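Enquirer:
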């Protein structure tokens with residue numbers, strides 16, 4: 121699998137991989153109905169943009185973590201931070217909505233493949249700057265660029281707020297395996313410490 125690079129658009133895999141496997145019952149409990157429809161191949165593909173390089177390797181090549189910006193195929197929910205990415209920019213056969221406020225960690229094994237075209241550096245920086253505005257890291261929105269469309273609708277609009285809540289719930293499909301990986305690491309370190317202590321006692 122090629123290493124994801126910042127600015128690339130990747131399709132999200134419908135097969136969730138994690139060092140701690142979730143049973144079907146656990147998936148029904150943990151994941152929203154929209155995620156379950158996606159995993160059952162009953163909803164359109166989902167896409168993300170790679171935001172940062174992979175984290176330094178600590179344990180294994182298998183569980184690499186990368187930061188991603190969520191994209192949506194629902195392009196009618198434009199706001200000042202949900203921006204329309206035209207198909208001619210993404211290289212896909214449809215427009216996408218960049219959720220500049222919504223950057224999350226994901227295991228790279230849960231990204232299926234790179235699709236479309238890599239986002240230009242200018243647009244990539246613009247998307248991240250708009251996200252910084254949403255999180256209060258800068259005081260005002262950056263000037264618009266002609267290729268990207270945004271609405272004057274503020275994020276406090278009830279329809280936008282509801283959309284954001286739905287998208288946060290959907291992103292569990294990527295964030296829960298990362299949480300499981302960190303739990304796995306903690307338990308592994310604890311187990312290793314117990315084994316080391318037992319060996320030390322035996323040697324004494």
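In this note's numbering, the protein residues as written are 121 to 324.
Idealized CB from N, CA, C, for every residue including glycine.
These numbers come from a predicted model, not from an experiment.
(1) Got a sec? Which residues, its chain only, sit under 6 Å from residue 154 by beta carbon, not counting five neighbours each side?
(2) Looking at the secondary structure, which residues open and close the alpha helix (DSSP H) in which residue 219 lies?
(3) What are the boundary residues of the beta strand (DSSP E) that residue 202 is part of?
(4) Specify the secondary structure class of residue 285 as computed by DSSP and reduced to three states.
(5) How is residue 167 classed by DSSP in three states: helix, strand or coil?
(6) Using DSSP bridges, identify the partner residues of residue 187.
(7) Provide the residue span of the alpha helix (DSSP H) that contains residue 250, from first to last.
(8) Indicate the three-state DSSP secondary structure (helix, strand or coil) for residue 278 in the structure shown.
(9) Is it the case that the Cβ atoms of residue 186 and residue 226 are separated by a distance below 7 Å?
(10) Take residue 133 as the anchor and find which of 193, 231, 183 has the nearest alpha-carbon.
(11) Do you know how far the Cα of residue 183 is from the Cα of residue 305?
(12) For residue 132, name the three-state secondary structure that DSSP assigns.
(13) Buried or exposed, going by whether 16 or more other CB atoms sit within 10 Å of the CB of residue 197?
(14) Run through DSSP, which three-state label would residue 143 get?
(15) Taking the straight line between their C-alpha atoms, what separation do you get for residue 172 and residue 245?
Expert: With the structure as the only source:
(1) Leaving aside the five residues that flank residue 154 on each side, the residues in its chain whose CB is nearer than 6 Å to its CB run, in chain order, 290.
(2) It is not in any alpha helix (DSSP H) - residue 219 instead sits in the beta strand (DSSP E) that spans 216-227.
(3) Residue 202: member of the beta strand (DSSP E) spanning 202-205, first to last residue.
(4) helix
(5) strand
(6) 225
(7) Its alpha helix (DSSP H) spans residues 241-254.
(8) DSSP places residue 278 in helix when its eight states are reduced to three.
(9) yes
(10) 231
(11) Looking at the two C-alpha atoms, the distance is approximately 11 Å.
(12) strand
(13) buried
(14) Judged by DSSP in its simplified three-state form, residue 143 adopts coil rather than helix or strand.
(15) So the two alpha carbons sit approximately 12 Å from each other.
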